[in-house]
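Right, one structure below, let's go through it.
In our numbering, the protein residues as written are 2 to 138.
Next comes the structure, spelled out in structure tokens:
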């Protein structure tokens, strides 16, 4: 996972996520990038989520349905959540994609719900989860 320090803060919009908005102005501190890196690499599968986001719910349910127990961080419930969400928005790199859900597999940023679903449909998600040690089947 790569981060570019000193990126500008952003305004991240909802996309049907019901409360998936964050505003962070100015420079994002290096500590925010380091926090996301540390959390994302701490477990085989990590999901950064928002408790009121329907897309986040779908991502978590898909992983649970496959037998994966992801570590979930609800960014709206964390005191440093807005900074983390701004970092996730930078990682998404797409102005039309909300910053959550953000799925990390094996410490690498996989993407949001669209990428997760695409990988599931094309059959590449389960092998990726096995490789990361999240599935033992």
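Built from N, CA and C at the ideal position, the CB exists for glycine as well.
Since the model is a prediction, treat every value here as computed from it, not as a measurement.
Query                                                                                                               : Result
Residue 113 classed as buried or exposed, judged by whether at least 16 other C-beta atoms fall within 10 angstroms : buried
Own chain residues within Cβ distance below 6 Å of residue 103, not counting five before or after                   : 49 and 89
Endpoints, beta strand (DSSP E) assigned at residue 50                                                              : 46 to 50
Residue 44 versus residue 72 - alpha carbon distance                                                                : 7 Å
Separation of residue 68 from residue 81, as counted between CA atoms                                               : 30 Å
Beta-carbon gap between residue 101 and residue 58 smaller than 7 Å                                                 : no
Alpha-carbon to alpha-carbon, residue 83 and residue 25                                                             : For residue 25, the pLDDT reaches just 43, beneath the cut-off of 50, and the residue's location in the model is therefore unreliable, leaving the point undetermined.
Residue 91 burial status per 10 Å Cβ neighbour count (16 or more: buried)                                           : buried
Residue 76 beta carbon less than 7 Å from that of residue 37                                                        : no
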